[in-house]
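Trainee: Residue numbers (the numbering used here), protein chains in the order written: chain U, 21 to 214; chain H, 825 to 1439.
Once you've had a glance at the structure underneath, I'll fire off some questions.
Set out below in structure tokens:
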């Protein structure tokens, strides 16, 4: 959790933490557009230890879960509900490499445009050729898609490694994620395990 | 402080449990039975709930309802086959709410499944009142994990009608997991296979220290022991070469099939009688009949494993829940599915209610059981919106940890448009028409702007009970758009309010007699408990408490003889109040005794805590 800012708790007027008041334990008003890294008090980076995410998530959820506010005032119950939803979402973004990558590159974990960003013509042409070849020789596409997905993941890793070293930028990320999503359609990309 | 209770509102039977002296226990009736059959009969002189209603169902076919949980929160058109199966008469004119018609002699009454369930809940509440010496604080009520939003809402409504404050709706397998987890103090990943009377759930949970995390859940809200009974009854009918059975015979046959099913858990062969005819059924015949039902559970188990991204090797234990898991074939089937013998040390009928009581105790915030226990449950089915072409766009995927929120931005298609229609769906099918319609929301009060300019952000929030809340805001103007929620199926807020009003009016006019009986029964319970406690623990009485209590008891007995309901109620409360400090002293002593390491049950029996003493 980021360190307590100089904000007063709405309930006890002591200096509050960001999510929960350090003095009275009341949940504080949740931010309108939460940053998943900030919410869990983690430094924004792609190469992230998933146990750190889980630890931060559990520590905060323990304090903020609606079950802790059963019988409390409606306003506290409401804030605890909103916070816990934010924590669940933050964990979902940070535990999934694709969502995490998209968030770092675009500031949003979801695909922004309906249907996703436009894929470039060379990529689509290649896919078209593959599909034609699949019709003649079924089964040919799966290993190719798998190899391509693996190379895209390696490219993403390299992009983020450079970025975390203070070089390069992430403008290609969204397109590469869209390609991965397209390749997912062949259902051959092995699920990422953490 | 009043204790919180846990309720298992089941298809076949229901239970209420409470944590007393650090231990969860089910509350028993006067014969020592924790189970209240979920059967309700509407008689001209009142409502009969429980064993009598169940046992005489074939005598009062037109006015008795069992397995009403199958109808909760469902659309009339989805219920017609169940209604036919149970031979219930349904109001054919209502397309939105299931209305069952009870007929007995002169009496014709139309009731909703919510009202029928509330009668069962009232009986459970009364049982708790008797044991706790007063109203319970709040209730945790269990629902099948696979219940959708409408089914959950209906359960909440039933509790409200029964005068219960619902602290939390808890998924049944999760409740069982709490009881199991606190029982074994184990950790790892485990499966809860819950086959009840009418519902099937499978949940995969991860227990890590004091965090219970549900990883995935799947199931079928129309699959259970009822189907075994139906299959067996159908078998007997064909064996006897009968074509159509009248309602009474059908009901009688179902009861006989249910009893035969239980016998076949122990015996290799049994007989079912129908009038003068006798049909003999072997266990292997029965097993062949129910195999198709069990195969339906396998698909759900495989889906849950896939959603949890686990193979069966990743599972550390399998727990069986629900009375139907007593059938030996069910156990063998589960063992085959997961490759390991299931854990069945806990009573499969009671474990859900016990877990609910534990969660209810934890929600008090000063639980003696597990203060830090954190329960993270999931939503069973995806939520989505209907978009162009009747396709569903999902905004919350199934098995997301709840509470969970999502938002979508909408705009207008026509200049000056001030309202947007949204259709919210629950389910995992591609086409809108194959999913469950939760409701249509109309966003009104948008500023009249050119098409495409307004940006309405609609926020969806699924709370810890798995119930959806919707809000909306126009982003340029900050106007909070008003949302008219029209539930597709189920009761509206107004209808619930009306039912509550009716219940009160009803109580004040026609049912005085019944109220008197209830007041008497309640008073008798309190009297007996107080008399026992004061004689066992006379040493804990202080000052002139003994004479004060005696005086109120005398007045109360006089009022009971006189038959004055108000007086009985007032004096019951007075007796409650005058014994409160004494009761507090007993609880404190109970706690210190329990802390010395003696079995809480022994302590409770010594203390004469009602309910506990009968365990």
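Built from N, CA and C at the ideal position, the CB exists for glycine as well.
1. For residue 197 of chain U, which residues from the same chain have a beta carbon less than 7 Å from its beta carbon, with the 5 sequence-adjacent residues on both sides left out?
2. Which value, in whole angstroms, describes the spacing of the CA atoms of residue 1073 of chain H and residue 1379 of chain H?
3. Residue 151 of chain U touches chain H at which residues, Cβ-Cβ below 9 Å?
4. What are the residues of the stretch 1188 to 1212 of chain H that lie near chain U, defined by any Cβ-Cβ distance shorter than 8 Å?
5. Do residue 835 of chain H and residue 1177 of chain H have their C-beta atoms closer together than 9 Å?
6. Counting only beta-carbon separations shorter than 9 Å, does residue 114 of chain U have a partner in chain H?
7. If we cut at 9 Å on Cβ distances, does residue 164 of chain U have a partner in chain H?
8. In this structure, does DSSP put residue 1129 of chain H in helix, strand or coil?
9. Kindly identify the DSSP beta-bridge partner or partners of residue 1110 of chain H.
10. What does the Cβ neighbour count give for residue 1259 of chain H, buried or exposed, with the cut at 16 atoms within 10 Å?
11. Using the Cβ count rule (16 or more neighbours within 10 Å means buried), how would you classify residue 1334 of chain H?
12. Work out the CA separation of residue 1026 of chain H and residue 1124 of chain H for me, nearest whole Å.
13. Rounded to the nearest angstrom, what separates residue 1064 of chain H and residue 930 of chain H at their Cα positions?
14. Taking Cβ-Cβ distances shorter than 8 Å, what residues in chain H pair up with residue 78 of chain U?
15. For residue 1225 of chain H, decide whether its Cβ has a neighbour in chain A, counting only Cβ atoms nearer than 9 Å.
16. Excluding the five sequence neighbours on either side, which residues of its own chain have a C-beta within less than 7 Å of the C-beta of residue 807 of chain H, listed in chain order?
17. If you run the structure through DSSP and keep just helix, strand and coil, what is residue 1334 of chain H?
18. Please identify, using Cβ separations under 7 Å, the residues of the stretch 1268 to 1289 of chain H that lie next to chain U, in order along the chain.
19. What's the C-alpha gap between residue 832 of chain H and residue 163 of chain U?
20. Per the contact definition of three or more C-beta pairs closer than 8 Å, is the stretch 990 to 997 of chain H in contact with the stretch 965 to 982 of chain H?
21. Under three-state DSSP, which class holds residue 914 of chain H?
22. How long is the line joining the alpha carbons of residue 1381 of chain H and residue 1392 of chain H, rounded to whole angstroms?
23. So residue 1141 of chain H packs on residue 1012 of chain H, CB below 8 Å; how close in whole Å?
24. Where does the unbroken alpha helix (DSSP H) through residue 108 of chain U begin, and where does it stop?
25. Helix, strand or coil: which one does DSSP assign to residue 1217 of chain H?
26. Looking at C-alpha atoms only, which residue of U:193, U:183, U:179 and U:159 is the closest neighbour of residue 206 of chain U?
27. Does the stretch 920 to 936 of chain H come close enough to the stretch 875 to 890 of chain H to have 3 or more Cβ pairs within less than 8 Å?
28. Using 8 Å as the Cβ pair cut-off and three pairs as the minimum, do the stretch 1076 to 1095 of chain H and the stretch 895 to 907 of chain H touch?
29. Given a cut-off of 9 Å, decide if residue 1198 of chain H and residue 82 of chain U are closer than it, judged by their beta-carbon atoms.
30. For residue 876 of chain H, collect the residues of the same chain with a Cβ closer than 8 Å to its Cβ; drop the 5 residues on either side in sequence, then sort them by chain order.
31. Look up residue 1244 of chain H in the DSSP assignment and give the residues it is bridged to.
32. Run through the stretch 979 to 1041 of chain H for me and flag every whole beta strand (DSSP E) of 3 or more residues, listed as ranges in chain order.
33. Using a cut-off of 7 Å between C-beta atoms, extract the partners of residue 119 of chain U located in chain H.
34. Compare the C-beta of residue 992 of chain H against all C-beta atoms of chain U and say whether one is closer than 9 Å.
35. Just reading off the alpha helix (DSSP H) that residue 1162 of chain H is part of, what are its end residues?
36. So with Cβ pairs under 9 Å, would you call residue 987 of chain H a contact of chain U?
Mentor: On the basis of the data shown:
1. Excluding sequence neighbours, residue 197 of chain U sits near 118, 121 and 122.
2. Going from the Cα of residue 1073 of chain H to the Cα of residue 1379 of chain H covers about 51 Å.
3. Listed along chain H is no residue with a C-beta nearer than 9 Å to that of residue 151 of chain U; the closest approach is about 22 Å.
4. Among the residues of the stretch 1188 to 1212 of chain H, those with a Cβ less than 8 Å away from any Cβ of chain U are 1188, 1189, 1196, 1198, 1199 and 1200, in the order of the chain.
5. If you check the CB distance, residue 835 of chain H and residue 1177 of chain H do not come in under 9 Å.
6. Chain H places no beta carbon closer than 9 Å to that of residue 114 of chain U, leaving this residue out of the contacts.
7. False, the Cβ-Cβ gap to chain H never drops below 9 Å.
8. Shown here, residue 1129 of chain H sits in a helix according to DSSP, grouped into three states.
9. Residue 1110 of chain H pairs with nothing; no bridge assigned.
10. Buried, because 16 or more other Cβ atoms sit within 10 Å of the Cβ of residue 1259 of chain H.
11. With a pLDDT of 47 at residue 1334 of chain H, under the threshold of 50, the predicted position of this residue should be treated as unreliable, though the coordinate-derived value follows. That one is exposed.
12. Their backbone Cα atoms lie some 7 Å apart in a straight line.
13. So the two alpha carbons sit approximately 35 Å from each other.
14. Neighbours of residue 78 of chain U on chain H, chain order: 1035 and 1198.
15. The structure shown contains no chain A; the protein chains it does contain are U and H.
16. No answer is possible for residue 807 of chain H: the residues shown for chain H start at 825 and end at 1439.
17. For residue 1334 of chain H, the predicted model reports a pLDDT of 47, less than 50, meaning its position is unreliable; a value from the coordinates is still stated below. Residue 1334 of chain H: coil per DSSP, three-state reduction.
18. Within the stretch 1268 to 1289 of chain H, the qualifying residues are 1285, 1287 and 1288.
19. Distance between the alpha carbons of residue 832 of chain H and residue 163 of chain U is about 51 Å.
20. Output reads yes: the stretch 990 to 997 of chain H touches the stretch 965 to 982 of chain H.
21. Reduced to three states, the DSSP call for residue 914 of chain H is strand.
22. Rounded to whole angstroms, residue 1381 of chain H to residue 1392 of chain H spans 8 Å at the Cα level.
23. The Cβ separation is near 7 Å, so the contact holds.
24. Its alpha helix (DSSP H) spans residues 94 to 115.
25. The answer is strand: DSSP assigns residue 1217 of chain H an E or B state.
26. The shortest C-alpha separation from residue 206 of chain U is found at U:159.
27. Result yes; three or more Cβ-Cβ pairs closer than 8 Å.
28. With the cut-off at 8 Å, the stretch 1076 to 1095 of chain H and the stretch 895 to 907 of chain H do not touch.
29. Contact check for residue 82 of chain U against residue 1198 of chain H passes: the beta carbons are separated by less than 9 Å.
30. Within the same chain, residue 876 of chain H has close Cβ partners 865.
31. Answer by DSSP bridge pairing, in chain order: H:1267.
32. Segments of the beta strand (DSSP E) lying fully in the stretch 979 to 1041 of chain H: 990 to 995, 1012 to 1019 and 1024 to 1032.
33. What residue 119 of chain U touches in chain H: nothing, since even the nearest Cβ is about 12 Å away.
34. Interface residue, yes.
35. Start and end: 1152 to 1162.
36. No, no contact with chain U.
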